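Just so you know, the protein sequences line up as chains A and B, in that order. Going by my numbering, the letters in the first sequence line up with residues 54 to 166, in that order. Going by my numbering, the letters in the second sequence line up with residues 17 to 131, in that order. Comments concern the structure below.
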Amino acid sequence: DQQVKQNSPSLSVQEGRISILNCDYTNSMFDYFLWYKKYPAEGPTFLISISSIKDKNEDGRFTVFLNKSAKHLSLHIVPSQPGDSAVYFCAASEGGSNYKLTFGKGTLLTVNP
Amino acid sequence: ETGVTQTPRHLVMGMTNKKSLKCEQHLGHNAMYWYKQSAKKPLELMFVYSLEERVENNSVPSRFSPECPNSSHLFLHLHTLQPEDSALYLCASSQDLIVGNQPQHFGDGTRLSIL
């Protein structure tokens, strides 16, 4: 029973265009959401996060949008660069003293030059 | 360089062997974690330590035995593993257990293969 779902195993976009990575969740207690990026042979690295009190958080080329009513979040990368090619994991937590992160299976993003 | 170092990077072992995975963090964090990533599955939390005390044992079989001698080091002792234990084992650390603006920092993992 997956509480965090990334339904697209892969996504391919052209350099300079927008990449949109999607994530759905089922647990209404989730309060904090994170995106991690993972290159081959490396561990995941933190990218950006959002609290449930917000619906948008932006950091440079990366923006995360949260739609609580739809239990959906998305990561937008604009403009996409070849170096963005990696696996992107969505993760969620109930927050507060609950430290557990529940991860999705990941989406492989390929940015073509 | 994430500040979390795992050794070895790759390990092949037989089912009757005993081996240990090591994790060291140079970030001054108080919490450390072991995760397992199997093919086509999400990361699964295995163990959590806070200030060297184990606070989570996520129904992990006893053939996996964690050890946290101090806040900078974390070990995963392996004994009599099964082929289905072949996976990527990731160590992570965070400032404290509270999730918020304190993301977990991951090491590069140990790729474990059980023959």
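Glycine included, every Cβ here is placed at the ideal spot set by N, Cα and C. Quick caveat, the model's predicted, so the values are computed rather than measured.
Comparing alpha-carbon positions, which option in Thr79/A, Glu68/A and Gln67/A lies nearest Lys58/A?
Thr79/A
Tell me which residues of the region 97 to 124 of chain A have at least one Cβ-Cβ distance to chain B shorter than 7 angstroms, keeping chain order.
Pro97, Thr98, Phe99 and Ser102
Any idea what DSSP makes of Asp77/A, helix, strand or coil?
strand
Residues bridged to Thr98/A by DSSP?
Lys90/A
Helix, strand or coil, according to DSSP, for Gly113/A in the structure here?
coil
Quick check: what's the CA-CA separation for Gly30/B versus Thr96/B?
8 angstroms
With Ser110/B as the anchor, note down where its beta strand (DSSP E) starts and where it stops.
Ala103 to Ser110
Between the region 24 to 41 of chain B and chain A, which residues of the former have CB atoms less than 9 angstroms from a CB of the latter, in chain order?
Arg25
Less than 8 angstroms between the beta carbons of Thr18/B and Gly123/B, yes or no?
yes
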